[in-house]
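Read in our numbering, the sequence shown has 95 at position 94, and its numbers run on one by one without any break.
Backbone N, C-alpha and C define an ideal beta-carbon position, used for all residues, glycine too.
Remember, predicted model here, so these are calculated numbers, not experimental data.
Quick notes on the structure that follows.
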Amino acid sequence: MDKQAAINLISNTFNCPFDENRFSNFARNLLNDIDESKTFAYHGTYIPDSFKNHIKKYKRLGKYKDPEGNALDVLIVHLERETALERARTMQRNFIAWYLNGGRGDVLRDAALVAFASPDLDDWRFSYVPD
2 MDKQAAINLI SNTFNCPFDE NRFSNFARNL LNDIDESKTF AYHGTYIPDS
52 FKNHIKKYKR LGKYKDPEGN ALDVLIVHLE RETALERART MQRNFIAWYL
102 NGGRGDVLRD AALVAFASPD LDDWRFSYVP D
């Protein structure tokens with residue numbers, strides 16, 4: 002990808018309301034080799050009780066292993082309320098810590114790239130969360 006295409010990709014991803022396709026395209030270009038064969042989406046009873054008031058649903062777009070063998074998942078987390086994006090950062094970190102430490106399927110992960118999206122999708126946050 003040339004420099005101008007990279008600038009456009011970043012601008013179109015981060016200066017706009019959240020869009021799953023744009024975020025997915027950004028992650029694919031950033032990480033180069035994402036395994037998209039094992040995606041999943043969870044909501045309702047699959048959200049731990051301690052997070053149900055804050056997390057509406059979450060989805061894995063793909064998995065990535067870096068050259069050192071570290072496992073990273075690319076996630077989208079849809080929040081229940083607009084205020085959760087700004088006021089509940091600790092909850093967001095705790096949710097991702099739960100996920101990375103085997104909270105889903107007892108599989109440990111080393112890090113996650115996460116899009117936290119507000120209900121109306123106008124506001125969202127991009128985070129890299131290491132274990």
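Buried/exposed call for Phe15, threshold 16 Cβ in 10 Å: exposed
Contact check, Phe96 vs Phe41, beta carbons under 8 Å: no
Given Glu1 as reference, the closest of Gly63, Lys60, Pro131, His55 once Cα atoms are compared: Nothing about residue 1 can be reported from this structure: the residues present for the chain run from 2 to 132 only.
Secondary structure of Asn102, DSSP reduced to three states: strand
Reduced DSSP secondary structure (H/G/I, E/B, other) of Ile77: strand
Residues bridged to Arg61 (per DSSP): Phe41, Leu76
Check whether Pro120 and Glu83 have beta carbons under 8 Å apart: yes
CB of Tyr59 within 8 Å of CB of Leu76, strictly: yes
Ile97 - DSSP class collapsed to helix/strand/coil: helix
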